[in-house]
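Chemist: Sequence order for the protein chains is A and B. The first sequence begins at 1 in our numbering and counts up by one. The second sequence begins at 1001 in our numbering and counts up by one. Just passing along the structure, written as structure tokens.
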Amino acid sequence: MSSLALIGRDIRLASRGGGNTFLAVAFFATIVTLVPLGIEPVAGLLHAVAGGIVMLCSALAALLSLDNLFQADFEDGSLELLVTGPLSLESLAASKIAAHWFTTALPLLAISPLAAIAMDLPGAGLVGVVLAVALATPAVSAVGAIGASLTLSAKRGGLILPLIVLPLLAPVIIFGAGVVRSKLEGAENGAVLYLSAFSLAAVLLSPFAVAAGLRTNLSA
Amino acid sequence: MIGYANPKRFLDLTRPIPPWFFGVSSTLLAIGLYLALFVVPPERQQGDAVRIMFVHVPAAWIGMGAYALMAVCSIWALVNRHPLADIAAREAAPLGALFTGLALITGSLWGKPMWGTYWAWDARLTSFLLLFFLYLGYIAIWNVTEDETRAARGAAILAIVGAVNLPIIKFSVDWWNTLHQGESIFRSGGPVIATVFLWPLFIMLAAYTTLFAALWIVRVRTAILRRTVRTRVSAGFGR
């Protein structure tokens, strides 16, 4: 199975049977729109917290479906089958990360303007939110996949996944919120560059860590 | 190096070390604390609160050093597949978390008289909090994975990923902190440390380091012995 075929298979699986995509989107929309209820919906206050809230919510929403990134394939044996195939574990990991991004992050990206509207952001802030989610989600998928591969054979691995992954994602949340802030204030602070750099490095390096994690959990 | 990593030889070689290290550590601790609490003059700006530095800075030093140690042991474990390196990394983690927690607590106690608050989102405090969470994630991997070999490899990978990410986390937190100008006035950079403060600090550093080393060696020895007992029992010798 080639990388592209694997990505296609995962996307088809997600679009037909799996409720993960819907779950992540619904989770994101619910939390983001509930936040203004928890704090006073004063424009200044919402503007100040919008970046951080949106970044954290998109990371959490992506984590929801990361639990299942390898789990279903691991349990029904198709992961073992994929490993014996021609695809290297590293390429398999990269394909899985890409598939996760297409099935979870892309829908989140599509509804992220809703989050900006819920936070009462002006047009520039909306651009910032979409840009931040677009640049941050590859890193979330990539770093999250490391956590998913490490907790594969753990009991209730889904519960400790956030504990493992979220501290590693601190730079994403900081720089992502920085992107929103820079667009809102119209001042360049370098956050776009830092966030892109982190995402690129994460996407480039994490397939190796994911492959090592899978190898560990697949060896008899 | 490989020879020393043999569990049996390790047990033989390290048997006399912990009592000595505990002795050295408690002596240094007594001297250091005496100097820090009674000999060192109050600092010009901070007054007596500066004395917290002598228990705080060494804890932070061990908190970071233990993570570095854990990462090196993890690389060693992955490259050479040596079980002793796995145990060494695993046993360093709770100690590292403990000292990091101690650094956070003493730091916040220091913050109260200095900054007027127990917790400021100061860059150093924040990155230390994240370091503490990294330790918790590492310990969690060991706890939830039943198969010991898998747990060891998974934890080693996480330790290395964390070590790669730590400088980036540190950078991002510093960057974030300079963005919030209001809070950075509290930064405790301060003047260059005078020699009166430096000597007790070095003594305390040595005391903490030997204490960590002693506890670590005891933990590694216990882990090896526990595994030996378990293997013997399951092989039917223990009865």
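For glycine and all other residues, C-beta sits at the position ideal for the given N, C-alpha and C. Small disclaimer: the values here were computed from a predicted structure and weren't measured.
To the nearest angstrom, how far is the alpha carbon of Gly52(A) from that of Trp1110(B)?
Modeler: Gly52(A) and Trp1110(B): Cα-Cα distance of roughly 29 Å.
Chemist: Near Ser91(A), which residues of its chain fall below 6 Å by C-beta distance, leaving aside the five closest residues on each side in sequence?
Modeler: Ser3
Chemist: Can a CB atom of chain A be found closer than 8 Å to the CB of Gly1096(B)?
Modeler: No, Gly1096(B) lies away from the interface with chain A (no Cβ there is under 8 Å from its Cβ).
Chemist: Quick one: residues in its chain with C-beta nearer than 6 Å to the C-beta of Ala59(A), no 5 flanking neighbours on either side, listed in chain order?
Modeler: Val140, Leu169
Chemist: What does Pro107(A) reach in chain B if we use C-beta pairs closer than 7 Å?
Modeler: None at all; the shortest Cβ gap to chain B is about 27 Å.
Chemist: For a quick check, are the C-beta atoms of Pro107(A) and Ala50(A) less than 8 Å apart?
Modeler: No, they are not a contact pair.
Chemist: Taking Cβ positions only, does Trp1119(B) come closer than 8 Å to chain A?
Modeler: no
Chemist: Do you know offhand how far Phe1117(B)'s Cα is from Leu159(A)'s?
Modeler: Contrary to the premise, residue 1117(B) reads as Thr rather than Phe in this sequence. When rounded, the distance between both Cα atoms is 33 Å.
Chemist: Closest to Arg1124(B) by CA distance: which of Ala1089(B), Pro1167(B), Ala1036(B) is it?
Modeler: Of the candidates Ala1089(B), Pro1167(B), Ala1036(B), the one whose C-alpha sits nearest the C-alpha of Arg1124(B) is Pro1167(B).
Chemist: Should Ala1030(B) be labelled buried (16 or more other beta-carbon atoms within 10 Å of its own) or exposed?
Modeler: exposed
Chemist: Within 8 Å (strictly less), CB to CB, does Ala170(A) reach chain B?
Modeler: yes
Chemist: Helix, strand or coil for Glu1043(B), going by three-state DSSP, please let me know.
Modeler: strand
Chemist: Taking Cβ to Cβ, would you say Ala116(A) is nearer than 8 Å to Pro36(A)?
Modeler: no
Chemist: Taking C-alpha atoms, which residue in Leu64(A), Leu56(A), Leu87(A), Lys96(A) lies nearest to Phe230(A)?
Modeler: Any property of residue 230(A) remains undetermined from this structure, which presents chain A solely from 1 to 220.
Chemist: Please list the partners that Leu150(A) has in chain B, where partner means a Cβ-to-Cβ separation under 7 Å.
Modeler: Ile1141, Gly1154, Ile1157, Leu1158
Chemist: Going by CA-CA distance only, name the one from Ala1151(B), Leu1102(B), Asp1086(B) that's closest to Leu214(A).
Modeler: Ala1151(B)
Chemist: Using a 10 Å radius around the Cβ and a threshold of 16 neighbouring Cβ atoms, would you call Lys155(A) buried or exposed?
Modeler: exposed
Chemist: Between Glu188(A), Leu34(A), Asn68(A), Phe28(A), which lies nearest to Leu13(A) when the distance is taken from Cα to Cα?
Modeler: Answer by Cα proximity: Asn68(A).
Chemist: Can you confirm whether Gly128(A), when its beta carbon is compared against all beta carbons of chain B, has any partner nearer than 8 Å?
Modeler: No, because no Cβ of chain B sits closer than 8 Å to the Cβ of Gly128(A).
Chemist: Give every residue of the same chain whose Cβ lies closer than 8 Å to the Cβ of Ile1276(B), excluding the five residues on either side of it in the sequence, and list them in chain order.
Modeler: Residue 1276(B) lies beyond the residue range present for chain B, which begins at 1001 and ends at 1239; the question has no answer from this structure.
Chemist: Pair every Cβ in the region 1091 to 1107 of chain B with every Cβ in the region 1014 to 1025 of chain B, then say whether three or more of these pairs are closer than 8 Å.
Modeler: no
Chemist: Going by C-alpha distance, which of Gly1101(B), Leu1069(B), Trp1119(B) is nearest Ile1087(B)?
Modeler: Leu1069(B)
Chemist: Please identify the residue among Ala134(A), Val210(A), Phe22(A), Ala145(A) whose C-alpha is closest to the C-alpha of Ile173(A).
Modeler: Ala134(A)
Chemist: Measure the CB-CB distance between Thr137(A) and Ala62(A) and report whether it falls below 8 Å.
Modeler: Yes, they are a contact pair.
Chemist: Within the continuous alpha helix (DSSP H) that includes Met1064(B), where are the two ends?
Modeler: 1053 to 1080 is the extent of the alpha helix (DSSP H) around Met1064(B).
Chemist: Going along the chain, which residues of its own chain have a beta-carbon closer than 8 Å to the beta-carbon of Leu232(A), five neighbours each way excluded?
Modeler: There is no way to answer for residue 232(A), as the model of chain A reaches only from 1 to 220.
Chemist: Let's test the definition: count the other Cβ atoms within 10 Å of the Cβ of Gly144(A) and tell me whether it reaches 16, buried, or not, exposed.
Modeler: Buried, since its Cβ has 16 or more Cβ neighbours within 10 Å.
Chemist: May I ask you to list, following chain order, the residues of the region 1162 to 1176 of chain B that have a beta carbon less than 8 Å from some beta carbon of chain A?
Modeler: Residues passing the 8 Å Cβ filter: Gly1162, Val1164, Asn1165, Ile1168, Ile1169, Phe1171, Ser1172, Val1173, Trp1175, Trp1176.
Chemist: Terminal residues of the continuous alpha helix (DSSP H) containing Asn217(A)?
Modeler: 191 to 218
Chemist: Mind checking which residues open and close the alpha helix (DSSP H) that includes Glu224(A)?
Modeler: Given a span of 1 to 220 for chain A in the structure shown, any question on residue 224(A) remains unanswerable.
Chemist: Does any residue of chain A bring its CB to less than 8 Å from the CB of Gly1182(B)?
Modeler: Note that Gly1182(B) scores a pLDDT of 44, beneath 50, so its modelled location is shaky; the value from the coordinates is reported in the next line. Gly1182(B) does not count as touching chain A.
Chemist: Less than 8 Å between the beta carbons of Val1196(B) and Val1040(B), yes or no?
Modeler: yes
Chemist: Can you name the start and end residues of the alpha helix (DSSP H) that Asp1086(B) belongs to?
Modeler: 1083 to 1115
Chemist: When we look at the beta-carbon of Ala187(A) and count the other beta-carbons within 10 Å, is it buried (16 or more) or exposed?
Modeler: By the 10 Å Cβ count, Ala187(A) comes out exposed.
Chemist: Could you tell me whether the Cβ atoms of Val1144(B) and Thr151(A) are closer together than 8 Å?
Modeler: yes
Chemist: Excluding the 5 residues flanking Ala961(B) on each side, which residues of the same chain have their C-beta closer than 7 Å to its C-beta?
Modeler: The structure shown does not extend to residue 961(B), since chain B is modelled only from 1001 to 1239, so the question has no answer here.
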